[in-house]
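Student:
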Amino acid sequence: MKKFDYFQPETLKDAYSLIEKSNGSYIYIAGGTDLIANIKNRLIQPDALISLRRIKEISGITQNKDLTLGSMTLLRDIEKDSHIGQNYPALAQAVKILATPQIRNVATIGGNLCNSAPSADCAPPLLVLEASVTLEGPGGQRSIAIEDFFMGPGQTCMNMSEILTRIRITPPGENTGMAFLKVGRVSTDIAIVNAAACLTMEKNVCRKCRLSVGAVAPVPLRLRSVEKMIEGQEISPELLNRAGKMVEEEVKPITDVRSTSGYRRIMSGVLIKRAIEEAIRRMEQNK
Ligand SMILES: Cc1cc2nc3c(=O)[nH]c(=O)nc-3n(C[C@H](O)[C@H](O)[C@H](O)COP(=O)(O)OP(=O)(O)OC[C@H]3O[C@@H](n4cnc5c(N)ncnc54)[C@H](O)[C@@H]3O)c2cc1C
Numbered sequence: 241m242k243k244f245d246y247f248q249p250e251t252l253k254d255a256y257s258l259i260e261k262s263n264g265s266y267i268y269i270a271g272g273t274d275l276i277a278n279i280k281n282r283l284i285q286p287d288a289l290i291s292l293r294r295i296k297e298i299s300g301i302t303q304n305k306d307l308t309l310g311s312m313t314l315l316r317d318i319e320k321d322s323h324i325g326q327n328y329p330a331l332a333q334a335v336k337i338l339a340t341p342q343i344r345n346v347a348t349i350g351g352n353l354c355n356s357a358p359s360a361d362c363a364p365p366l367l368v369l370e371a372s373v374t375l376e377g378p379g380g381q382r383s384i385a386i387e388d389f390f391m392g393p394g395q396t397c398m399n400m401s402e403i404l405t406r407i408r409i410t411p412p413g414e415n416t417g418m419a420f421l422k423v424g425r426v427s428t429d430i431a432i433v434n435a436a437a438c439l440t441m442e443k444n445v446c447r448k449c450r451l452s453v454g455a456v457a458p459v460p461l462r463l464r465s466v467e468k469m470i471e472g473q474e475i476s477p478e479l480l481n482r483a484g485k486m487v488e489e490e491v492k493p494i495t496d497v498r499s500t501s502g503y504r505r506i507m508s509g510v511l512i513k514r515a516i517e518e519a520i521r522r523m524e525q526n527k
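So in my numbering, spot 144 of the sequence shown is number 384, and the numbers just go up one at a time.
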C-alpha cells in the first residue's frame, strides 16, 4: 500500500484549503470504512487523507422545525436516537441493519451517501423523506435535493473540494407511515435490493406516496410513476400487484457476485409491495 499523509483540520475552511492545494491527489475521509478498503485494494492511491472528524460543526443531530443531521454523525448515534426511531422509522431501520455494530461505531451517514454505492442503505429512506443535502466548498454553500445528488456508482454531483455538511429532513405530516426493507445474503450484508416507502393516508385512500429502491440501477431510484399511480387510490391487493409489476419494469439491475439481475428485478417489486404494507401498518399502530 502506498504511504500517504494524514491531516486533521478543525474547520471547514482549513479542509478546503488543504484539498485545493493538492491538485486532486488528496481525498476527504470520514469513518474510512469504504475509503480504506478502496486504498487497500489499490482502487485509489491518494497522497494524503484529510480527516473530517475534528470539524465539530458537521456532527450531531438537531430537531428544530426540520431534522438536521451533520454529515459526520455516526450511524450508531442515529441508531440510538429515540426521536429518530419514533418519527423517522424508515431511516432508523436502515441504519439498524447496516453492516455490524463495529462498522456503525465509526461509519458516518455522510460517508454512506458520498460513497454513492447504488446499494447505500441510507439512500432509500432519505429519498422517500425528500431530504436535502448541503454542500460547502471554497465557492460557498448550496443545498440540493438528495435525488439530484447521486450521478452513478461512486459518483456524486460534488466537486473535488466540496464537503457534504448537513442532511435536512422536513418532518412528515400526520397520518404518515414509513418503512425500510432489505434483502441481503445475511441481514447485515450489502443489499441485494433495498426499498423504502412513505405514505400519507386519509382513511383507506393514499394521499401522498413516496417510494424508492436501491441496488437495482446505477443510482438509488425514486419511483415517480408508481407513486403517481398509487396516489388517490385505495390500497388493495390488486393495486399492490400492479405497483410491483411497474417496479419490475422500471428497474435496471445488473448481475454480480451478490445476485442475478432477474432475482433483483423480482425482489424489487416484492419489497416495494411489502414496504407499502408495512408503512400503512406502522401508521395505523401510531394512531
Ligand atoms: C464489512 C462492511 C459491511 C458494510 N455493510 C454495509 C451495508 O450493509 N450497507 C451499506 O449501505 N454500506 C455498508 N458498508 C459500507 C460503509 O460502511 C458505509 O457506506 C459507511 O456509511 C461509509 O461511511 P464512512 O464514514 O466510513 O465513509 P468513508 O469511507 O470515510 O468515505 C466514503 C467516501 O465518501 C467521501 N466522504 C465521506 N464523507 C464525506 C463528506 N462529508 N463530504 C465529502 N466527501 C465525503 C470519502 O472521500 C470517500 O470517497 C459496509 C462496509 C464494510 C466494510
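Glycine included, every Cβ here is placed at the ideal spot set by N, Cα and C. From a predicted model like this one, the values you see are computed outputs, not experimental measurements.
(1) For the alpha helix (DSSP H) holding VAL466, just list the boundary residues, first then last.
(2) Does the distance between the C-beta of CYS354 and the nearest non-hydrogen atom of ligand 1 fall short of 6 Å?
(3) Are there 16 or more other CB atoms within 10 angstroms of the CB of PRO286, so buried, or fewer, so exposed?
(4) If I measure Cβ to Cβ from LEU511 and keep anything under 6 Å in the same chain, skipping five residues before and after, which residues do I get?
(5) Alpha carbon to alpha carbon, how far is THR440 from HIS323? Give it in angstroms, no decimals.
(6) ASP496: buried (16+ other C-beta within 10 angstroms of its C-beta) or exposed?
(7) In chain order, what residues of the same chain have a beta carbon less than 6 Å from the beta carbon of ILE430, not counting five sequence neighbours either side?
(8) Compute every distance between the C-beta of THR500 and the non-hydrogen atoms of ligand 1, then say whether any falls below 6 Å.
(9) At a cut of 8 Å, does the stretch 353 to 372 reach the stretch 441 to 452 through at least three beta carbon pairs?
(10) Can you check whether the CB of ARG505 is closer than 7 Å to the CB of PRO493?
(11) Any idea if ASN263 is buried or exposed, counting beta-carbon neighbours within 10 angstroms, 16 or more meaning buried?
(12) In this structure, does DSSP put ASP245 in helix, strand or coil?
(13) Going by Cα to Cα distance, which pick from LEU275, GLN326 and ASN327 is closest to VAL346?
(14) Please list the segments of the alpha helix (DSSP H) lying wholly inside the stretch 449 to 514, counting only runs of 4 or more residues, in order along the chain.
(15) Would DSSP call LYS253 helix, strand or coil?
(16) I need the DSSP call for MET576, collapsed to helix, strand or coil.
(17) For SER499, which residues from the same chain have a beta carbon less than 6 Å from its beta carbon, with the 5 sequence-adjacent residues on both sides left out?
(18) Answer with buried or exposed for VAL426, where buried requires no fewer than 16 other C-beta atoms within 10 angstroms of its C-beta.
(19) Beta strand (DSSP E) containing CYS438: first to last residue?
(20) Hey, which unbroken runs of the alpha helix (DSSP H) at 4 residues or more fall wholly within the stretch 355 to 381?
(21) Run through DSSP, which three-state label would ILE384 get?
(22) Tell me, please, whether the stretch 252 to 271 touches the stretch 285 to 300 by the rule of three or more beta-carbon pairs shorter than 8 Å.
(23) Going by the C-beta, is ALA339 closer than 6 Å to any heavy atom of ligand 1?
(24) Using a Cβ distance threshold of 8 Å, determine whether the stretch 245 to 259 contacts the stretch 402 to 411, with at least three qualifying pairs required.
Tutor: Checking against the coordinates, here is how it stands:
(1) 464 to 470
(2) yes
(3) buried
(4) LEU421, VAL433 and ALA435
(5) 20 Å
(6) exposed
(7) SER359
(8) no
(9) yes
(10) yes
(11) exposed
(12) strand
(13) LEU275
(14) 464 to 470 and 477 to 490
(15) helix
(16) Within the shown structure, residues of the chain are numbered from 241 to 527, placing residue 576 beyond reach of any answer.
(17) ILE432
(18) exposed
(19) 433 to 442
(20) 363 to 368
(21) strand
(22) yes
(23) yes
(24) yes
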